[in-house]
Amino acid sequence: MSSTTSKKITPQIRQSQFPEEFKMMGDNALICVHCNHTVDWTKKTTLTDHLTSAKHLECKLRKPSDKVQMTLEATVAQLDNKQQMIMDFTEMMTQCNIPLEKRDKMNSWLQKYVPNSGSIPMANTLRQNYLPEVLKKNKNAIKEKIKGQPLSIIIDSSPDKLSRNVVNTIVNGGISGERFLIDGFLEK
381 MSSTTSKKIT PQIRQSQFPE EFKMMGDNAL ICVHCNHTVD WTKKTTLTDH
431 LTSAKHLECK LRKPSDKVQM TLEATVAQLD NKQQMIMDFT EMMTQCNIPL
481 EKRDKMNSWL QKYVPNSGSI PMANTLRQNY LPEVLKKNKN AIKEKIKGQP
531 LSIIIDSSPD KLSRNVVNTI VNGGISGERF LIDGFLEK
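Spelled out as structure tokens, the structure:
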């Protein structure tokens, strides 16, 4: 091949020569559809060598569902769903008065019966990273419930399981009569 014809070759031309095998990425790159791997397009022999390589043939034989590369939007959506599942799990545990430590003991059961439960972190991570957000959400919901109602505030000091005094602030919502724990802190 002369040097004048090689200057006219573009990635688009190479992609049109192998339409089922390669796709364009940007303006100057070809990617193998089966391997999700960029390939040098400047020489046709490089492309044909890739198509006959063992790795390419192995990737080509995989099921279509195994080959699909997730888009950025799909990845972000999946991460959002995972975060929401963890938040919902933490909120469910707190609403049912189940200590977060029980999550660690139910690990094998979760893995056996709950799909994607491996993404639910252990109790310490739930307590540090997710519980504050759940508490903030619940406080906001309580504020909306008691907004504009007559209130009574009860402050109580009671010991925790380590015999330390914990001061609890409880709000009694006037008309509905519901009681809400607003705050709890250790006395010094």
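Number 468 in the numbering used here belongs to position 88 of the sequence shown; there are no gaps in the numbering. The beta carbon of each residue, even a glycine, is placed where N, CA and C say it ideally should be.
Could you pull out every residue in the same chain whose Cβ sits closer than 6 Å to the Cβ of Gly553, ignoring the five residues on either side in sequence?
Position 173 of the sequence shown, counting from 1, holds the residue named residue 553. Cβ within range, chain order: Ile526 and Gln529.
Could you compute how far the alpha carbon of Asp407 sits from the alpha carbon of Lys440?
Mapped onto the sequence shown, residue 407 falls at position 27. Mapped onto the sequence shown, residue 440 falls at position 60. Taking the straight line joining both Cα atoms gives about 25 Å.
Inspect the beta-carbon positions of Asn416 and Gln449 and report whether they are closer than 7 Å.
For the purposes of this step, residue 416 is taken as residue 36 along the sequence shown, with counting starting at 1. For the purposes of this step, residue 449 is taken as residue 69 along the sequence shown, with counting starting at 1. A contact, by the Cβ cut-off of 7 Å.
Same chain, Cβ closer than 8 Å to Ser538, five either side skipped, listed in chain order:
If you number the sequence shown from 1, residue 538 lands on position 158. Once the five neighbours on either side are set aside, the close Cβ partners of Ser538 are Asn545, Val546 and Asn548.
Do Thr451 and Val514 have their beta-carbon atoms positioned less than 7 Å apart in this structure?
One-based indexing of the sequence shown puts residue 514 at position 134. One-based indexing of the sequence shown puts residue 451 at position 71. Cβ distance not < 7 Å, so Val514 and Thr451 don't count as in contact.
Would you mind stating whether Tyr653 and Met467 have Cβ atoms separated by less than 7 Å?
Outside the displayed range of the chain (381 to 568) lies residue 653, so it cannot be described from this structure.
Alpha helix (DSSP H) containing Ser488: first to last residue?
As a first step, residue 488 is located in the sequence shown; it is residue number 108 there, counting from the start. Counting along the chain, the alpha helix (DSSP H) containing Ser488 begins and ends at Asn487 to Tyr493.
Own chain residues within Cβ distance below 6 Å of Phe560, not counting five before or after:
Here the question's residue 560 lines up with position 180 in the sequence shown. Excluding sequence neighbours, Phe560 sits near Ile522 and Val551.
Would you list the residues sitting across from Ser538 in a DSSP beta bridge?
Counting from 1 along the sequence shown, the entry for residue 538 is found at position 158. Note: Ser538 sits in a beta bridge opposite Val546.
Phe402 versus Arg442: straight-line alpha-carbon distance, rounded
On the sequence shown, residue 402 is found 22 positions in, with the first residue counted as 1. On the sequence shown, residue 442 is found 62 positions in, with the first residue counted as 1. Looking at the two C-alpha atoms, the distance is approximately 17 Å.
Consult DSSP for Lys403 and reduce its assignment to one of helix, strand or coil.
The residue you call residue 403 lines up with position 23 of the sequence shown. Strand, per DSSP.
Test item: CB-CB of Met405 and Gln395 under 7 Å:
The count along the sequence shown starts at 1 and reaches residue 405 at position 25. The count along the sequence shown starts at 1 and reaches residue 395 at position 15. No, these two residues do not count as a Cβ contact at 7 Å.
Just curious, the beta strand (DSSP E) that Thr347 is in, first and last residue?
Because the chain spans 381 through 568 in this model, residue 347 falls outside it and cannot be assessed.
Specify the secondary structure class of Asn509 as computed by DSSP and reduced to three states.
As a working mapping, residue 509 is identified with position 129 in the sequence shown. Helix, per DSSP.
So, with DSSP's three-state summary, where would you put Arg442?
Taking the sequence shown and counting its residues from 1, one reaches residue 442 at position 62. Coil.
Simplified DSSP assignment, three categories, for Ile478:
Working through the sequence shown from its first residue, we reach residue 478 at position 98. DSSP places Ile478 in the coil class of the three-state scheme, outside both helix and strand.
Pairwise C-alpha distance: Ala503 and Glu438
Working through the sequence shown from its first residue, we reach residue 438 at position 58. Working through the sequence shown from its first residue, we reach residue 503 at position 123. Computed Cα separation, rounded: 41 Å.
Excluding sequence positions up to five away, which residues of its chain have a Cβ less than 6 Å from the Cβ of Leu490?
In the sequence shown, the residue the question calls residue 490 occupies position 110. Within the same chain, Leu490 has close Cβ partners Ser497.
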